[in-house]
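In my numbering, the protein residues as written are 1236 to 1539.
Below is one structure, written out as structure tokens, with a few remarks after it.
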């Protein structure tokens, strides 16, 4: 398990010198693309995997390069890939966090990113803040099932799922079936082949309580308001206000799909494989309410 204490600020701590690279833990189908679009709109420098795409020509550089990947879009990226373990290790070797070049580092591999990228040197300037947007585990999985059937642009595109019903997929134990307690696995650093249990759930809760600014997809506007406070973003500035207004006035569900009801066969099959994540999500909902006063107390000064 990563050294969270040395690598991350506690949610209640206010460092003298703000960390420059906030980590956004991108949980699939939990609004991560929306997060990226918002901060791209605001002109932030974002580290994902765009920076190493061959068409940009910076993937083999031996030093960090900040550049604008698309001429018509006014945001920047860094020539690293923070979405894979190999990419994270390369970002560490190049000193991504220590360079203070990225405003937001986006990664699905939270444990690896914390463990390799952040440290407590330089008077805490290399320690991180973590933001994450959460969604009910069953709704996330249902969205994933229907989305990856049609998402030809995704590396994880699954056209074969079109031949399955949701119930068949939910009951599948083969590779390519539904996730099983992905949040608990990622927070505790457990491999997919390892089982997770009550102890792991307790560890996951503590990590979230101590170190993660939690947002809820069901309350996205308030969640982004809190993220902006952590990032030191003034929503009153014209550009930032416009980006927020555009985001929440035009939000559409780009992946319309059938819904399922709690207690249905599909719901129960997915819940059986994700019992710990469901309990963790309920805890996150309570944590979200508790964090409001902490975040609000830092508005103006910022947690950063």
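Glycine included, every Cβ here is placed at the ideal spot set by N, Cα and C.
Check: Own chain residues within Cβ distance below 8 Å of residue 1327, not counting five before or after; Outcome: 1351 and 1352
Check: For residue 1426 and residue 1413, believed in contact at Cβ under 8 Å, the rounded distance; Outcome: Not quite, the Cβ-Cβ distance comes to about 18 Å (not below 8 Å), so this is no contact.
Check: Neighbourhood of residue 1286 by C-beta distance below 6 Å, restricted to the same chain and skipping five residues each side; Outcome: 1312, 1313, 1314 and 1315
Check: Option nearest residue 1419 by Cα separation, candidates 1410, 1411, 1409 and 1432; Outcome: 1432
Check: Stretch-stretch touch, CB-based, cutoff 8 Å, three pairs: the segment 1258-1278 with the segment 1331-1348; Outcome: yes
Check: Alpha-carbon spacing of residue 1417 relative to residue 1295, whole angstroms; Outcome: 32 Å
Check: Test item: CB-CB of residue 1275 and residue 1299 under 8 Å; Outcome: no
Check: Nearest residue (CA-CA) to residue 1443, options 1363, 1519 and 1398; Outcome: 1519
Check: Through-space distance from residue 1399 to residue 1408, alpha-carbon basis; Outcome: 14 Å
Check: CB contact flag (residue 1281, residue 1348, <8 Å); Outcome: no
Check: Residue from 1374, 1388 and 1511 with nearest C-alpha to residue 1195; Outcome: Nothing about residue 1195 can be read from this structure; the chain reaches only from 1236 to 1539.
Check: Assigned exposure category for residue 1403 - 16 Cβ within 10 Å defines buried; Outcome: exposed
Check: Start-end ranges of the beta strand (DSSP E) lying completely within the segment 1501-1536, minimum 3 residues; Outcome: none
Check: Cα-Cα separation between residue 1488 and residue 1241, rounded to whole angstroms; Outcome: With a pLDDT of 46 at residue 1488, under the threshold of 50, the predicted position of this residue should be treated as unreliable, though the coordinate-derived value follows. Using only the alpha carbons, I get a separation of about 39 Å.
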